[in-house]
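**Student:** Sequential numbering from 0 applies to the sequence shown in numbering that gives the first Met the number 0.
Pasting a structure below so you can have a look.
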Amino acid sequence: MTDAVYTGTSLLAIDVGNTSTRAFLFDDVDGSYRLIALGVAHTTLAPPFRDASEGVQSALEQVQEMTGRTLFHVDVGVISPPDREGNGVDTVVVTLSAGEPLCAVAVGLLEDISLESAQNLLATTYAKILGTIGMNDRRKLEERLDVILQARPDLIVIAGGTENGASKSVSKLVESIGLACYLLPETQRPLILFAGNSGVAEEMQTDLGSITTINIAPNVRPTLEGEHLSPAQGRLREVYRLIRTRDNAPIQELNNWSSGRMMPATQGFARIIRFFSKLYSPNKGVLGIDLGAGSTTVAAAFGGTLTHRVYPDLGLGSVLPQLLTHVKPNDIARWVSAPTSPSVIHAYIQYKSAYPNSLPMSDEEMEIEQALAREIMRTAIRLTQPYFPANAAHSGKFLPWFEPIIASGSVLTNAPSRAHSLLMLLDGLEITGITKLVLDQFNLVSSLGASAELNPLMSVQLMDSEALVKLATVIAPISSARAGTPILRLRVTYESGEEKKMEITQGSLEKIPLAPGENVKLSLQPLNRVDIGMGRPGLGGGLSVKLAGELGLVIDARGRPLRLPNDPAQRQELFHQWLKVLES
Numbered sequence: 000m001t002d003a004v005y006t007g008t009s010l011l012a013i014d015v016g017n018t019s020t021r022a023f024l025f026d027d028v029d030g031s032y033r034l035i036a037l038g039v040a041h042t043t044l045a046p047p048f049r050d051a052s053e054g055v056q057s058a059l060e061q062v063q064e065m066t067g068r069t070l071f072h073v074d075v076g077v078i079s080p081p082d083r084e085g086n087g088v089d090t091v092v093v094t095l096s097a098g099e100p101l102c103a104v105a106v107g108l109l110e111d112i113s114l115e116s117a118q119n120l121l122a123t124t125y126a127k128i129l130g131t132i133g134m135n136d137r138r139k140l141e142e143r144l145d146v147i148l149q150a151r152p153d154l155i156v157i158a159g160g161t162e163n164g165a166s167k168s169v170s171k172l173v174e175s176i177g178l179a180c181y182l183l184p185e186t187q188r189p190l191i192l193f194a195g196n197s198g199v200a201e202e203m204q205t206d207l208g209s210i211t212t213i214n215i216a217p218n219v220r221p222t223l224e225g226e227h228l229s230p231a232q233g234r235l236r237e238v239y240r241l242i243r244t245r246d247n248a249p250i251q252e253l254n255n256w257s258s259g260r261m262m263p264a265t266q267g268f269a270r271i272i273r274f275f276s277k278l279y280s281p282n283k284g285v286l287g288i289d290l291g292a293g294s295t296t297v298a299a300a301f302g303g304t305l306t307h308r309v310y311p312d313l314g315l316g317s318v319l320p321q322l323l324t325h326v327k328p329n330d331i332a333r334w335v336s337a338p339t340s341p342s343v344i345h346a347y348i349q350y351k352s353a354y355p356n357s358l359p360m361s362d363e364e365m366e367i368e369q370a371l372a373r374e375i376m377r378t379a380i381r382l383t384q385p386y387f388p389a390n391a392a393h394s395g396k397f398l399p400w401f402e403p404i405i406a407s408g409s410v411l412t413n414a415p416s417r418a419h420s421l422l423m424l425l426d427g428l429e430i431t432g433i434t435k436l437v438l439d440q441f442n443l444v445s446s447l448g449a450s451a452e453l454n455p456l457m458s459v460q461l462m463d464s465e466a467l468v469k470l471a472t473v474i475a476p477i478s479s480a481r482a483g484t485p486i487l488r489l490r491v492t493y494e495s496g497e498e499k500k501m502e503i504t505q506g507s508l509e510k511i512p513l514a515p516g517e518n519v520k521l522s523l524q525p526l527n528r529v530d531i532g533m534g535r536p537g538l539g540g541g542l543s544v545k546l547a548g549e550l551g552l553v554i555d556a557r558g559r560p561l562r563l564p565n566d567p568a569q570r571q572e573l574f575h576q577w578l579k580v581l582e583s
């Protein structure tokens, strides 16, 4: 990888997703960085093109047409640095999520320690774990070998041995790994990432380096009590890049344009979440969810401590049928206003997985797609919650307190209205406490994360610009009271001095519209030990709300957990009522 120092002002970010390829041009305008132009094209990595450069070229041509600026030539690629005529850009970054997830095998000494850490490391990138091997499993040697021989993985991650700890056990385990790799054809041998006891790293390099490519990463489990994934993620990123560029000339060219810095989009997304968690209240975390076609990313950070999980079986594209391994068709159908049979849900899932770029053609299809998005988010959050830090501020089993919450994904950004986007997020995440919801309307957060490595000021300025939509400020009380019971009293004081008093009842969804840029002061008084995230159940207080968002202030008192009526007619009435409130 080439070390680079950012010296210019213009930056071109290219993001190649499973269904869409985007090109963003950023530059300095009057002392502040701005998004100058955006081009979007269908990704062409899959058949019939099998060449990502077609989609990239189409997106770049759109940017050129918008700006009148020549950015690339077909024969030489992106012009960087700029030429004497002013064509080109100073710097290029590339993020990638397109393609099948890496096939991986996780290896560790102890199942609930180092092996678990190896799996957790793989969960931070686009990887599908096809098998695991542990020192304490009871399989025979040939059975362990078969795990690798049958999986034929792209990557094997090996963890094991605390620092200055076990060495002989690690060496013995690695012997079988080396034998399995040797038995595979040379062109099909996996790359190996060793993230165990650094005391045996040199031995690993000697024993395995003659068989296949091995990369050494910092120990992910330096002590029995402590897991440290972040130091190894840089090496994992390099391995991902090596595998993706292997025998794929167009992807290799993209990597060359970025001076060897091509990054998995999910790592760029997580980097932004982690960075912002250091800037906001230490009493809350920052949450990000990226709902894509090929995977869903959940990134949550508390004071810089990151929880990052990628779910390659949760997405609104070709992997969509795998959602049914987590939920039932009726779980999806409950979010559709009209009665919908499981067969209709199955049919739409099969169609959408075959044609990921297709758009809903009717209100029913739109509701089914949004229902799928809700269940994907709910599943991803449910699977991630066990990995949140034990000291994360929260109320019981519910989502911890987060502010802000950043959401990305075309199903959210291309919804018919902002009210649809907000309702999907409220239903899919079951937000708690007081927070602000931010919508990544151009799906550029991953690119800003990749850009932050070179120009952190630009990323900060863009994250605080109109490129991201401040959707709403949400108050979501946690209460198990009966429907209709008063649970919160609030007073809104406007800049004019006018006051508005409200009593919020259990089961309701309320909205207080605010003019753009209007600031208000809130006085909140929870009733009957209702928890609104201000320190403890029943505790209220004052709150200044600045730039609440396009939809103003929203109070979601529908209950946690959110329970829908069994009667389809009642559900239909509620859905229309909730949407009407948010659109008012």
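Where is the CB? At the ideal position from N, CA and C, for every residue including glycine.
What alpha helix (DSSP H) runs, 4 residues minimum, are completely inside the region 148-184?
**Tutor:** If we require 4 residues or more, the alpha helix (DSSP H) runs fully inside the region 148-184 come out as 167-182.
**Student:** Kindly indicate which three-state DSSP category residue 284 falls into: helix, strand or coil?
**Tutor:** The sequence position of residue 284 within the sequence shown is 285, counting from 1. Strand.
**Student:** What residue from 32, 216, 175, 571 has the CA that sits closest to residue 210's CA?
**Tutor:** Indexing the sequence shown from 1 puts residue 210 at position 211. It is 175 whose Cα lies nearest to the Cα of residue 210.
**Student:** Quick one: what's got a C-beta closer than 7 Å to residue 283's C-beta in the same chain, skipping five residues either side?
**Tutor:** Sequence index remark: in the sequence shown, residue 283 carries index 284 (1-based). Answer for residue 283: 392, 400, 401, 402, listed in chain order.
**Student:** Bridge partners for residue 552 per DSSP, in chain order?
**Tutor:** Position 553 of the sequence shown, counting from 1, holds the residue named residue 552. The partner list for residue 552 (beta bridge, DSSP) reads 472, 511.
**Student:** Beta carbon of residue 566, beta carbon of residue 407: below 9 Å?
**Tutor:** If you number the sequence shown from 1, residue 566 lands on position 567. If you number the sequence shown from 1, residue 407 lands on position 408. Their beta carbons are not under 9 Å apart, which means residue 566 does not touch residue 407 by this criterion.
**Student:** Quick test of the definition: if touching needs 3 or more C-beta pairs under 8 Å, does the region 157-164 touch the region 186-199?
**Tutor:** Taking 8 Å as the limit for Cβ pairs, the verdict is that the region 186-199 does touch the region 157-164.
**Student:** Would you call the CB atoms of residue 156 and residue 106 closer than 9 Å?
**Tutor:** Translated into the one-based positions of the sequence shown, residue 156 becomes position 157. Translated into the one-based positions of the sequence shown, residue 106 becomes position 107. Against a cut-off of 9 Å, the Cβ pair of residue 106 and residue 156 comes out as a contact.
**Student:** In whole angstroms, what is the alpha-carbon distance linking residue 409 and residue 137?
**Tutor:** Counting from one through the sequence shown, the residue named residue 409 turns up at place 410. Counting from one through the sequence shown, the residue named residue 137 turns up at place 138. One C-alpha to the other measures close to 46 Å.
**Student:** What residue from 91, 452, 58, 385 has the CA that sits closest to residue 306's CA?
**Tutor:** Here residue 306 refers to the residue found at position 307 when the sequence shown is read from its first residue. Per the Cα distances, 385.
**Student:** Taking DSSP as the reference, what is the three-state secondary structure of residue 274?
**Tutor:** In the sequence shown, the residue the question calls residue 274 occupies position 275. Helix.
**Student:** Measure how close the beta-carbons of residue 92 and residue 357 come, nearest whole angstrom, since I'm counting them as under 8 Å.
**Tutor:** Against the sequence shown, residue 92 aligns to sequence position 93. Against the sequence shown, residue 357 aligns to sequence position 358. At roughly 30 Å, the Cβ-Cβ gap does not stay under 8 Å, so residue 92 and residue 357 are not in contact.
**Student:** Whether or not the region 484-492 and the region 299-316 are in contact is what I'm after, with contact meaning three or more pairs of Cβ atoms, one per stretch, closer than 8 Å; do they touch?
**Tutor:** Flag = no, the region 299-316 and the region 484-492 do not touch.
**Student:** Specify the secondary structure class of residue 375 as computed by DSSP and reduced to three states.
**Tutor:** Stepping through the sequence shown from its first residue, residue 375 is reached at position 376. Three-state DSSP puts residue 375 in a helix.
**Student:** The alpha helix (DSSP H) spanning residue 255 covers which residue range?
**Tutor:** If you number the sequence shown from 1, residue 255 lands on position 256. First-last of the alpha helix (DSSP H) with residue 255: 248-256.
**Student:** If residue 75 and residue 268 are in contact, beta carbons under 8 Å, what's the gap, nearest whole angstrom?
**Tutor:** The count along the sequence shown starts at 1 and reaches residue 75 at position 76. The count along the sequence shown starts at 1 and reaches residue 268 at position 269. Wrong, their Cβ atoms sit about 31 Å apart, outside the cutoff.
**Student:** Among 433, 454, 416, which one has its Cα closest to the Cα of residue 440?
**Tutor:** Numbered from its first residue, the sequence shown carries residue 440 at position 441. Of 433, 454, 416, the residue nearest in Cα terms is 416.
**Student:** By a C-beta neighbour count over all protein chains shown, 10 Å radius and 16 as the cutoff for buried, is residue 246 buried or exposed?
**Tutor:** Taking the sequence shown and counting its residues from 1, one reaches residue 246 at position 247. With fewer than 16 other Cβ atoms within 10 Å, it is exposed.
**Student:** Taking buried to mean at least 16 other C-beta atoms within 10 Å of its own C-beta, is residue 303 buried or exposed?
**Tutor:** As a working note, residue 303 is residue 304 in the sequence shown. Answer is exposed; the Cβ neighbour count stays below 16.
**Student:** Can the beta-carbon of residue 457 be found less than 9 Å from the beta-carbon of residue 369?
**Tutor:** Indexing the sequence shown from 1 puts residue 457 at position 458. Indexing the sequence shown from 1 puts residue 369 at position 370. The answer is no: Cβ separation not under 9 Å.
**Student:** Could you check how far apart the C-beta atoms of residue 160 and residue 108 are, in whole angstroms? I think they sit under 8 Å.
**Tutor:** By 1-based counting over the sequence shown, the position of residue 160 is 161. By 1-based counting over the sequence shown, the position of residue 108 is 109. Their Cβ separation, rounded to whole angstroms, is 7 Å, which keeps residue 160 and residue 108 in contact under 8 Å.
**Student:** Roughly how many whole angstroms lie between the Cα atoms of residue 412 and residue 564?
**Tutor:** In the sequence shown, residue 412 corresponds to position 413, counting from 1. In the sequence shown, residue 564 corresponds to position 565, counting from 1. If I take the Cα positions, the gap works out to 28 Å.
**Student:** Among 78, 18, 263, 337, whose alpha-carbon lies nearest the alpha-carbon of residue 571?
**Tutor:** Translated into the one-based positions of the sequence shown, residue 571 becomes position 572. Answer by Cα proximity: 337.
**Student:** Helix, strand or coil: which one does DSSP assign to residue 622?
**Tutor:** With the chain represented from 0 up to 583, any question about residue 622 goes unanswered, as that position is not in the structure.
**Student:** Taking DSSP as the reference, what is the three-state secondary structure of residue 381?
**Tutor:** As a first step, residue 381 must be located in the sequence shown, where it is residue number 382. Helix at residue 381.
**Student:** Need the endpoints of the beta strand (DSSP E) that residue 524 sits in, please.
**Tutor:** Translated into positions along the sequence shown, residue 524 becomes position 525. Its beta strand (DSSP E) spans residues 519-525.
**Student:** What ranges does the alpha helix (DSSP H) occupy inside the region 74-160, keeping only unbroken runs of at least 4 residues that lie completely in it?
**Tutor:** Fully enclosed alpha helix (DSSP H) runs of 4 or longer: 113-121, 140-150.
**Student:** For residue 564, does the three-state DSSP call read helix, strand or coil?
**Tutor:** If you number the sequence shown from 1, residue 564 lands on position 565. Three-state result, residue 564: coil.
**Student:** Quick one, which of 181, 55, 148, 396 has its alpha-carbon nearest residue 249's?
**Tutor:** Residue 249 sits at position 250 when you count from the first residue of the sequence shown. Measuring from the Cα of residue 249, the nearest candidate turns out to be 55.
**Student:** Can you list, in chain order, the residues of its chain whose CB lies under 8 Å from that of residue 134, leaving out five sequence neighbours each side?
**Tutor:** On the sequence shown, position 135 is the one that residue 134 refers to. So the list reads 107, 108, 109, 159, 168, 171, 172, once near-sequence residues are dropped.
**Student:** Determine, using beta-carbon pairs with one atom in the region 290-300 and one in the region 11-19, whether at least three such pairs fall under 8 Å.
**Tutor:** A contact exists between the region 290-300 and the region 11-19.
**Student:** Could you check if residue 6 is buried or exposed, using at least 16 other CB atoms within 10 Å of its CB as the buried criterion?
**Tutor:** Working through the sequence shown from its first residue, we reach residue 6 at position 7. Note that residue 6 has pLDDT 49, beneath the 50 cutoff, so the model's placement of it is unreliable and the number below is only indicative. Exposed, because fewer than 16 other Cβ atoms sit within 10 Å of the Cβ of residue 6.
**Student:** Beta strand (DSSP E) containing residue 45: first to last residue?
**Tutor:** By 1-based counting over the sequence shown, the position of residue 45 is 46. Premise fails: residue 45 is in no beta strand (DSSP E) and is neither H nor E.
**Student:** Given residue 242, which residues of its chain have a CB within under 7 Å of its CB, disregarding the five upstream and five downstream residues?
**Tutor:** On the sequence shown, residue 242 is found 243 positions in, with the first residue counted as 1. If we look at residue 242 and ignore the five residues flanking it on each side, its Cβ neighbours are 101, 153, 154, 190.
**Student:** Report the rounded CA-to-CA distance for residue 476 versus residue 532, giving the unit in angstroms.
**Tutor:** As a working mapping, residue 476 is identified with position 477 in the sequence shown. As a working mapping, residue 532 is identified with position 533 in the sequence shown. In a straight line, the C-alpha of residue 476 is about 8 Å away from that of residue 532.
**Student:** Which whole-angstrom value is the C-beta distance of residue 207 and residue 213, which I expect to be below 8 Å?
**Tutor:** In the sequence shown, counting from the first residue as 1, residue 207 sits at position 208. In the sequence shown, counting from the first residue as 1, residue 213 sits at position 214. Their Cβ separation, rounded to whole angstroms, is 5 Å, which keeps residue 207 and residue 213 in contact under 8 Å.
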